[in-house]
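Right, one structure below, let's go through it.
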Amino acid sequence: MTTEHSHAVSTKDAPVRFQISHLNFFYGAKQAVFDVNLSIPAKKVTALIGPSGCGKSTFLRTLNRMNETIRHSRVVGDIQLDGQDILSMDVVALRRRVGMVFQRPNPFPKSIYDNVAYGLRINGYKGRLDDLVEHSLRRAALWEEVKDYLHKSAFALSGGQQQRLCIARALAVDPEVLLLDEPCSALDPVTTAKIEELMFQLKDSCTMAIVTHNMQQAARASDFTAFMLDGRLIEHSETSKLFTTPHDPRTEAYITGRFG
Amino acid sequence: MNRIRTIWRKSLNVVMLTLTGVAAFAVVGVLFFILGYLVYYGGKSLNWNFFTKLPVPVGETGGGMANAIVGSLKLLLLAALMGLPVGLIAGIYLAEFGGKTFSFVIRYTTDLLNGVPSIVMGIFAYSIVVEPVKHFSTLAGGFALGVMTIPITVRATEEFLRAIPGSLREGAMALGASKWRTIASVVLPAASGGIITGMLLALARVAGETAPLLFTAFSNQFWSPGWSQPIASLPVMIYTYAIAPYDDWHRQAWAAGLVLLGLVLLANLGCRLVMNRRGVRGV
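Top to bottom, those sequences are chains A and B. Each residue of the first sequence is one higher than the one before, counting from 42 in the working numbering. Each residue of the second sequence is one higher than the one before, counting from 1333 in the working numbering.
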């Protein structure tokens, strides 16, 4: 049995947002993630790739403890956000710092304004909502398209616009990290390109971790890539290196399309 | 051989079409028949007096059912205050929190409660609210009707909450909302169209219940101030007037029936309006 090792990413110069050590995750009796050790560098985009069912989404969701909503789920291991153990942190405080965008756009049945303001309102923000809503919509590259229709229902927007609205909503509480779970899988190529460009612009202010089925997207949009297979982390390095000179034969098999 | 098959197939089609058409027609026909009777006989007796005057002794003319109309409204208000919140919260529990066995038990008993004959409800309310104080009251009537609205409200709330997709809840929780916050600020508003409809229908149903009121609110020839006196209501007045031997009272009973029907139609209209405006969003 070969030992899986994540090739140490040189993060000596870059600070690390998330430090994950020996992470194991169980759905009841079934183990879905096996002993994952990974660091997510700050202000960079880390992509998680791998075939369906390899555990990348499950892994991502442990980072903001969304898996806790599933009954009989169990996390074993150590996850540190800026040196703090997230498992003993207040989950609400955690989710303010670590936001999430889901696979299918899930705007609330409220107006565009209320969608973006939701996170602010529930966290007791008392300042000028208007300015923050505008700022978030600008960061999500949606402001120009919706500035005159802020009180329209979110469902009046197209799929791509709804997803950008969800990004704006997540950005409104100014998270340090944004987790994206296959955010473009339900969108067309043009919208996908817009969102990838958006991610490039957001990098400086927000660390990102993106799960993607689309290898080309990972190659285009990320700085670091982690390849997972059957719940294990096989390889983790700078994107350019992983896609051109992968260390592990399984990584090479996956990225050349021999399976997946 | 083929010709016979074809003829058989074609005649079977015609027969089935005719049967289903006749059945549909019968259903609609019965409804229109009832409506027709009510509108004809009731319409003749509807006048300003009906809505504004109190009942008068037999033989005198110009009486009305103003107290019964107000009475029914008061009873419905009490029923709404007592039954709807309970139904709503129980429905929320079933949809969002319930463990498997406990939920099953609650759902089953709710369905049983729905099936309890309304007269039994009346006896139940009688023994709880009327007996201890030894007199009929509006509160007792409201209580009986309120309990009857619970099963319908629970089921409607649960159904419409379940129809809201989990992705909406996830979106709220990922922003740091607790479970209750998520329910109150995202899920309930999204399901509000269907839930309000369920509540309106529950009220429309109990508006016409007579049996429970016979033992609880009883009746009243006059106005009923406050909440602890017996009170007149439309269904009970219909009952009293229809079986009496006076023509004038019969006409008034028809009119009351028409007004009750109008109430039900209004509730249904309200439901449609609410559904159109709020719909079942997020689905």
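We treat Cβ as the ideally placed atom computed from N, Cα and C, and that holds for glycine. Here the structure is a predicted model, which is why all the values come from computation and not from measurement.
Where residue i sits in the DSSP three-state scheme
i	result
Asp172/A	helix
Phe1468/B	coil
His277/A	strand
Arg112/A	coil
Gly1503/B	helix
His65/A	Here residue 65/A is Asn; the residue named in the question, His, does not match the sequence. It is a strand residue.
Arg299/A	coil
Ile251/A	strand
Gln1561/B	coil
Gln144/A	coil
Met1333/B	coil
Thr1542/B	coil
Met302/A	With chain A represented from 42 up to 301, any question about residue 302/A goes unanswered, as that position is not in the structure.
Lys1406/B	helix
Ser152/A	strand
Ser246/A	coil
Ser194/A	strand
Lys71/A	strand
Ser1435/B	helix
Val1568/B	helix
Val1390/B	coil
Lys188/A	coil
Phe1550/B	coil
Under 7 Å from the C-beta of residue i: neighbouring residues of chain B
i	result
Asn105/A	Ala1506
Glu66/A	Note that residue 66/A is Phe in the sequence shown here, rather than Glu. By Cβ distance, chain B contributes nothing, its closest Cβ being about 17 Å from Phe66/A, past 7 Å.
Val133/A	Gly1508 and Ser1510
Same chain, Cβ closer than 6 Å to residue i, five either side skipped, listed in chain order
i	result
Val252/A	Leu89, Lys97, Ser98, Leu101, Asp222 and Glu223
Thr1489/B	Leu1420, Gly1423 and Ile1527
Gly1391/B	none
Ala1587/B	Gly1374, Ser1377, Leu1378 and Phe1382
Ala1523/B	Phe1492, Leu1493 and Ile1496
Ile81/A	Arg58, Phe59, Thr87 and Ala250
Ala1400/B	Ala1564, Ser1565, Leu1566 and Met1569
Ala1536/B	Val1596 and Ala1599
Within chain A, the residues that residue i reaches when beta carbons sit closer than 7 Å
i	result
Leu1500/B	Asn147 and Phe149
Ala1509/B	Ile163
Ala1522/B	Pro150
Arg1513/B	Ile163
Cross-chain neighbours of residue i in chain A, by beta carbon under 9 Å
i	result
Val1518/B	Phe149, Pro150, Lys151 and Tyr159
Proximal residues of chain B, C-beta to C-beta of residue i below 8 Å
i	result
Met240/A	The premise fails here: Met240/A is roughly 18 Å from chain B at the closest Cβ pair, so nothing lies under 8 Å.
Gly140/A	Ala1506 and Leu1507
Phe143/A	Ser1499, Glu1502, Gly1503 and Ala1506
Val214/A	Leu1507 and Gly1508
Under 8 Å by beta carbon: chain A residues contacting residue i
i	result
Arg1609/B	Per Cβ cutoff of 8 Å: no residues; Arg1609/B is ~12 Å from chain A at best.
Residue i - partner residues in DSSP beta bridges
i	result
Val139/A	Val218/A
Leu1378/B	Paired residues: none, contrary to the question.
Phe59/A	Ile81/A and Leu122/A
Sequence-distant residues of the same chain with beta carbon closer than 7 Å to residue i, five excluded per side
i	result
Met1409/B	Going by the sequence as given, residue 1409/B is Leu instead of Met. Excluding residues within five positions, none has a Cβ falling inside 7 Å.
Gln333/A	Look at the range of chain A in this structure, 42 to 301, and you will see that residue 333/A is not part of it.
Lys244/A	Lys84, Lys85 and Val86
Gly1474/B	Leu1407, Leu1410, Ala1411 and Met1414
Glu45/A	Note on Glu45/A: pLDDT 43, under 50, position unreliable in the model; the coordinate value appears next. Excluding sequence neighbours, Glu45/A sits near Arg273, Leu274 and Ile275.
Asn147/A	Cys207
Same chain only: Cβ atoms within 8 Å of residue i, ignoring 5 sequence neighbours per side
i	result
Ser1517/B	Ala1504 and Ala1509
Ile236/A	Gly201, Gln204, Arg205, Ile208, Pro224, Cys225 and Leu228
Ser114/A	Phe66, Phe67, Tyr68, Gly69 and Asn108
Met130/A	Leu122
Within chain B, the residues that residue i reaches when beta carbons sit closer than 9 Å
i	result
Thr110/A	Gly1498, Arg1501, Glu1502, Met1505 and Lys1511
Arg136/A	Met1505, Ala1506, Leu1507, Gly1508 and Ala1509
field: Complete runs of the alpha helix (DSSP H) confined to the segment 73-135 of chain A [at least 4 residues]
entry: Secondary structure within the segment 73-135 of chain A: the alpha helix (DSSP H) runs of 4 or more consecutive residues, fully enclosed, are 97-103 (chain order).
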